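As they're listed, the protein sequences go chains A and B.
All letters in the first sequence, in the order written, are residues 0 to 116 by numbering that gives the first Met the number 0.
All letters in the second sequence, in the order written, are residues 0 to 116 by numbering that gives the first Met the number 0.
C-beta: ideal position from N, C-alpha, C; glycine also.
All values reported here derive from a predicted model rather than from experimental measurement.
To keep things clear, I will list the structure first and then write my remarks on it.
There are 2 protein chains.
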Amino acid sequence: MSVELELAPKQKRAAGERCCEPVVYPDLEHGQAERMATVAKALSDPVRLQLVDVLRKHAGKVCVCELVPLFELSQPTVSHHLKVLREAGLVDSERRGLWAYYYVIPDALEELTTWLI
Amino acid sequence: MSVELELAPKQKRAAGERCCEPVVYPDLEHGQAERMATVAKALSDPVRLQLVDVLRKHAGKVCVCELVPLFELSQPTVSHHLKVLREAGLVDSERRGLWAYYYVIPDALEELTTWLI
DNA sequence: GCTATAGATTGACAATTATCACTTCAATCG
DNA sequence: CGATTGAAGTGATAATTGTCAATCTATAGC
Numbered sequence: 000m001s002v003e004l005e006l007a008p009k010q011k012r013a014a015g016e017r018c019c020e021p022v023v024y025p026d027l028e029h030g031q032a033e034r035m036a037t038v039a040k041a042l043s044d045p046v047r048l049q050l051v052d053v054l055r056k057h058a059g060k061v062c063v064c065e066l067v068p069l070f071e072l073s074q075p076t077v078s079h080h081l082k083v084l085r086e087a088g089l090v091d092s093e094r095r096g097l098w099a100y101y102y103v104i105p106d107a108l109e110e111l112t113t114w115l116i
Numbered sequence: 000m001s002v003e004l005e006l007a008p009k010q011k012r013a014a015g016e017r018c019c020e021p022v023v024y025p026d027l028e029h030g031q032a033e034r035m036a037t038v039a040k041a042l043s044d045p046v047r048l049q050l051v052d053v054l055r056k057h058a059g060k061v062c063v064c065e066l067v068p069l070f071e072l073s074q075p076t077v078s079h080h081l082k083v084l085r086e087a088g089l090v091d092s093e094r095r096g097l098w099a100y101y102y103v104i105p106d107a108l109e110e111l112t113t114w115l116i
């Protein structure tokens, strides 16, 4: 686990030689790193990336019964991946009768995207 | 594992009612999803995010001996995280005498970033 | 050569993860 | 009501991950 980043005092050096220049003070603080890591972890599986891709490209809500046949995976496994995405705040779902419709939460990727640019 | 995405033939529906509209054909293909998942996985840990952040913000190469004291982690653990980043193609290192200097590979984040925007 | 040092590697361990078969739950249809 | 169906939940299992202590490697200085 990381902590609030600090430039700790330098260790002993080989006599007369500095290891290197002091690094820049990183302005990515702990909480932000935690949140972004959560998002990145949700995106760290090709299946989930493709799920998010489908949901993002489709303007609207997509039924799980459309998503499952896109993969050679069992329905519970796809359901599991959707749950991971839901718990990371990237998507949400809505029940309509027997069916569940998933959709992306628009701003969920923003913090990570902004950092990446 | 995912496969090349296809709109599989529809399953049986409840009589007279369609489950939902056909989804858009996802244009994120398997190879791209794999590569982006690799990058996302490398970024899925707060320590590695902060490491990349420091390296990106610092115009130049940063010595490991500067990176280790930024975290409350053992040297081997930081070394492990750097290795993960290296294997994902996000950073590389250069040895100079006793010291190792790490730096980001500029275009490594591009594919993921482009997809996110 | 000998010692000290920076960094990587190894081995071990607990925790997490992706997957499936099976089951459960909720809603619809007859 | 009873049967069916879409989706989520429950074990279980194999694989992966984050961490550290201990070790190893290569370099520098004496």
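Neighbour flag for residue i against chain B, beta carbons, 7 Å
| i | result |
| --- | --- |
| Ser-43/A | yes |
| Ala-36/A | yes |
| Ala-99/A | no |
| Leu-108/A | yes |
Run of the beta strand (DSSP E) containing residue i, from where it starts to where it stops
| i | result |
| --- | --- |
| Asp-91/B | 90 to 95 |
| Val-103/B | 98 to 103 |
Status (buried if at least 16 other CB within 10 Å, exposed otherwise) for residue i
| i | result |
| --- | --- |
| Arg-55/B | buried |
| Glu-65/B | buried |
| Ser-73/B | exposed |
| Pro-105/B | exposed |
| Leu-27/A | buried |
| Leu-97/A | exposed |
Span of the alpha helix (DSSP H) around residue i
| i | result |
| --- | --- |
| Ala-39/A | 29 to 41 |
| Val-46/B | 45 to 56 |
| Ser-78/B | 74 to 86 |
| Glu-65/A | 63 to 66 |
| Glu-110/B | 109 to 115 |
Closer than 7 Å to chain A by CB, residue i
| i | result |
| --- | --- |
| Lys-82/B | no |
| Glu-93/B | no |
| Glu-33/B | yes |
| Gly-30/B | no |
| Gly-88/B | no |
| Ser-1/B | With a pLDDT of 43 at Ser-1/B, under the threshold of 50, the modelled position of this residue cannot be trusted, and the question is left open. |
Where residue i meets chain B, residues with beta-carbon distance less than 7 Å
| i | result |
| --- | --- |
| Ile-116/A | Thr-112 |
| Leu-27/A | Leu-48, Gln-49 and Asp-52 |
Cβ-heavy atom distance, residue i to the ligand SAM, below 6 Å
| i | result |
| --- | --- |
| Ala-99/A | Only the bare structure without any ligand can be found here, which leaves the ligand SAM out of the picture. |
Proximal chain A residues relative to residue i, where beta-carbon distance stays under 7 Å
| i | result |
| --- | --- |
| Ala-39/B | Ala-39, Leu-42 and Ser-43 |
How do the stretch 55 to 66 of chain A and the stretch 44 to 61 of chain B stand: do at least 3 beta-carbon pairs fall below 8 Å, yes or no?
no
With a threshold of 8 Å, are at least 3 pairs of Cβ atoms found where one atom belongs to the stretch 26 to 43 of chain B and the other to the stretch 25 to 44 of chain A?
yes
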